[in-house]
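Each residue of the sequence shown is one higher than the last, beginning at 1433 in the working numbering. Beta carbons are placed, not taken as given, at the ideal position from N, Cα and C, and that holds for glycine. None of the values given here were measured: they were computed from a predicted structure.
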Amino acid sequence: MQLNYDKNIGSDDQGERLVLNLQPVVPVELNEEWNLISRTILPVIKQDHVPAGTSSSGTGDIVQSLFFSPQTPGSHGWIWGVGPAFLLPTASDRLLGSEQWGGGFTAVALKQNMGLTYGALMNQVWRLAGDDDRQKYNALFLQPFVSYTTASALTYSLNLESTYNWTTEEWGVPVNVAASQVFRVGNQLLSVGAGLRYWADSNAGTGEGVGFRITLTMLFPR
């Protein structure tokens, strides 16, 4: 679970948005050589003055990614996965979603060494069907990331969650800096984290300035 707060949204900079992303990641062993990793993002949104004079809350559109990934890292230690990505119009309010079906591809690559993890995640999704009166969905997402985990399971992380809207030719680029700690509650492993996000590049649909992020992750190691 990932909670994000952003402000200064819209042409008058009066909008605020609180988004709780529910993000289950489930690996499935296909055979001795390959895994299928499912990554779902379901946003639960509360926003005010987006657009100006409105208030809305509910679920947003689901982004579903499927990664086909080798069981073992490559010869140089890289872990990677590729597969399809889908946009599902599950928003409970037209102000919270695109009202369009989308499809495309996604890829991830990362390397781990001595507590350091670095790599990148991306997807490209195009409109397949939906409301013709809405802006055509065509978006590229790029997320380079780096993190360092100490011997006490404290992790410091830095990433960019860049989105490029090909239709409007606009970027939205929040820079996220956070720290998280893994600990055990009974038999359950948990990771709790918090950090700040700064919008290095923004548009009318994104925040501006500084926001914050809180995360809670339930871990089920094999």
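Exercise. Measure the CB-CB distance between Gly1447 and Val1482 and report whether it falls below 7 Å.
Key: Numbered from its first residue, the sequence shown carries residue 1447 at position 15. Numbered from its first residue, the sequence shown carries residue 1482 at position 50. Yes, these two residues count as a Cβ contact at 7 Å.
*6 Å CB neighbourhood of Tyr1661 in its chain, flanking five on each side removed*: Within the shown structure, residues of the chain are numbered from 1433 to 1654, placing residue 1661 beyond reach of any answer.
- Item | For Met1650: DSSP bridge partner residues | Here residue 1650 corresponds to residue number 218 of the sequence shown, with the count starting at 1. Paired residue(s): Leu1622.
Chain-order list of residues whose beta-carbon lies under 6 Å from that of Ser1612 (same chain, five-residue window excluded): For the purposes of this step, residue 1612 is identified with residue 180 of the sequence shown, where counting begins at 1. Excluding positions up to five away in sequence, the list reads Thr1587, Ser1623, Gly1625.
For my contact list, Val1457 and Arg1471 are in at a C-beta cut-off of 8 Å; report their separation, rounded to the angstrom.
The residue labelled residue 1457 in the question sits at position 25 within the sequence shown. The residue labelled residue 1471 in the question sits at position 39 within the sequence shown. Taking the Cβ atoms as the reference, Val1457 lies roughly 5 Å from Arg1471, within the contact range of under 8 Å.
Per DSSP, which one or two residues make a beta bridge with Asn1545?
-> Residue 1545 sits at position 113 when you count from the first residue of the sequence shown. In the DSSP output, where bridge partners are listed per residue, Asn1545 has Leu1548.
Check your understanding: Which of helix, strand or coil does DSSP assign to Leu1474?
Key -> Working through the sequence shown from its first residue, we reach residue 1474 at position 42. Three-state result, Leu1474: strand.
- prompt: Sorted by chain position, which residues of the same chain lie with C-beta nearer than 8 Å to Ala1523's C-beta, five sequence neighbours on each side aside?
  reply: Locating residue 1523 in the sequence shown gives position 91, where the first residue counts as 1. Once the five neighbours on either side are set aside, the close Cβ partners of Ala1523 are Gly1490, Thr1491, Gly1492, Asp1493, Gly1529, Ser1530, Glu1531.
For the segment 1522-1583, which segments carrying the beta strand (DSSP E) assignment without a break, of at least 3 residues, lie completely within its bounds, in sequence order? 1532-1545, 1548-1562, 1570-1581
query = DSSP on Ala1517, reduced to helix/strand/coil?
reply = Within the sequence shown, the letter at position 85 stands for residue 1517. The answer is strand: DSSP assigns Ala1517 an E or B state.
Quick one: using the 10 Å Cβ neighbour count with 16 as the cut-off for buried, is Arg1645 buried or exposed? Sequence index remark: in the sequence shown, residue 1645 carries index 213 (1-based). The residue is buried, with at least 16 neighbouring Cβ atoms inside 10 Å.
task: Tell me, please, which residues DSSP counts as bridged to Asn1591.
output: Within the sequence shown, the letter at position 159 stands for residue 1591. Asn1591 pairs with Phe1577, Asn1608.
Practice task
With DSSP as the reference, label Asn1635 as helix, strand or coil.
Solution key: Start at 1 with the first residue of the sequence shown, and residue 1635 comes out as number 203. Correct three-state label for Asn1635: coil.
task = For Thr1599, count neighbouring C-beta atoms within 10 Å of its own C-beta (all shown protein chains included) and say buried if the count is 16 or more, exposed if not.
result = The count along the sequence shown starts at 1 and reaches residue 1599 at position 167. By the Cβ neighbour-count rule, Thr1599 is exposed, with fewer than 16 other Cβ atoms within 10 Å of its own.
- Item | Alpha carbon of Ser1488 to alpha carbon of Trp1512, nearest angstrom | By 1-based counting over the sequence shown, the position of residue 1488 is 56. By 1-based counting over the sequence shown, the position of residue 1512 is 80. So the two alpha carbons sit approximately 38 Å from each other.
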